[in-house]
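Novice: Residues in the sequence shown are numbered from 1 upward in steps of one, following full-length UniProt numbering. A virtual CB, placed ideally from N, CA and C, is assigned to each residue, including glycine. None of these values were measured; they are calculated from a predicted model.
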Amino acid sequence: MGRRWNAGYHGNRLLGAQLALTFLTRNEILCIHDSFLKLCPPGKYYKEATLTVDQVSSLPALRVNPFRDRICRVFSHNNVFSFEDVLGMASVFSEQACPSLKIEYAFRIYDFNENGFIDEEDLQRIILRLLNSDDMSEDLLTDLTSHVLNESDLDNDNMLSFSEFEHAMAKSPDFMNSFRIHFWGC
């Protein structure tokens, strides 16, 4: 089998399934597929081919993203990306993805310690990455973290549950516009 998608019956069925399961257009899926194959070792059939986390995190769209390691962790399986993993990631970050899906993945990305909450430690890491600062004073970091919790922590337990995070993001006018990444110029 070749590297390219079979344009016949199987290719159309697979493409139809991907169209049904993602928020991507036909052209976006085909563009991502071609770009994916260019990064894969030659001779691999696309269903067997994978990309490493390093390959994906070095893509121009992710290279400068302060959360690229978390994005890769959330979307990869065993630190490798199948074509389906890449499509899923591109779909979540597409303009057409629904707010609830974007919020779900944002929560997973921001939950650094993966305890099911965004706690003070997570918030501090988010703030430091967003401000691209490792030398922020402890007092300022604590003040910013406290401010976020005062605004969003509805049950006052010093952490954000998914529902609290969802409520805060739903009120954020910039969230949908900022939680987008255009992969491969597709």
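Where does F175 sit, in a helix, a strand or coil, going by DSSP?
Specialist: Mapped onto the sequence shown, residue 175 falls at position 175. The answer is helix: DSSP assigns F175 an H, G or I state.
Novice: Verify whether the separation of the beta carbon atoms of S76 and V92 is less than 8 Å.
Specialist: Counted from its first residue, the sequence shown places residue 76 at position 76. Counted from its first residue, the sequence shown places residue 92 at position 92. Their beta carbons are not under 8 Å apart, which means S76 does not touch V92 by this criterion.
Novice: Which residue comes first and which comes last in the alpha helix (DSSP H) that contains G88?
Specialist: Here the question's residue 88 lines up with position 88 in the sequence shown. Run containing G88: 83 to 92, per the alpha helix (DSSP H) assignment.
Novice: Rounding to the nearest angstrom, what Cα-Cα distance links Y105 and V86 in this structure?
Specialist: Here residue 105 refers to the residue found at position 105 when the sequence shown is read from its first residue. Here residue 86 refers to the residue found at position 86 when the sequence shown is read from its first residue. One C-alpha to the other measures close to 14 Å.
Novice: Using the Cβ count rule (16 or more neighbours within 10 Å means buried), how would you classify G88?
Specialist: Looking up residue 88 in the sequence shown gives position 88. G88 should be labelled buried.
Novice: Tell me whether M153 sits in a helix, a strand or coil according to DSSP, three-state version.
Specialist: As a first step, residue 153 is located in the sequence shown; it is residue number 153 there, counting from the start. First, the residue type needs correcting, since residue 153 is Asp and not Met in the sequence shown. D153 falls in the coil class under three-state DSSP.
Novice: Whole angstroms are fine: how far does the CA of E95 sit from the CA of N177?
Specialist: Here residue 177 refers to the residue found at position 177 of the sequence shown. Here residue 95 refers to the residue found at position 95 of the sequence shown. Distance between the alpha carbons of N177 and E95 is about 8 Å.
Novice: Would you report the Cα separation of L30 and L24, rounded to the nearest angstrom?
Specialist: Numbered from 1 along the sequence shown, position 30 holds the residue referred to as residue 30. Numbered from 1 along the sequence shown, position 24 holds the residue referred to as residue 24. Going from the Cα of L30 to the Cα of L24 covers about 10 Å.
Novice: Taking its Cβ as the centre, do 16 or more other Cβ atoms sit within 10 Å of E114, making it buried, or is it exposed?
Specialist: Counting from one through the sequence shown, the residue named residue 114 turns up at place 114. E114 should be labelled exposed.
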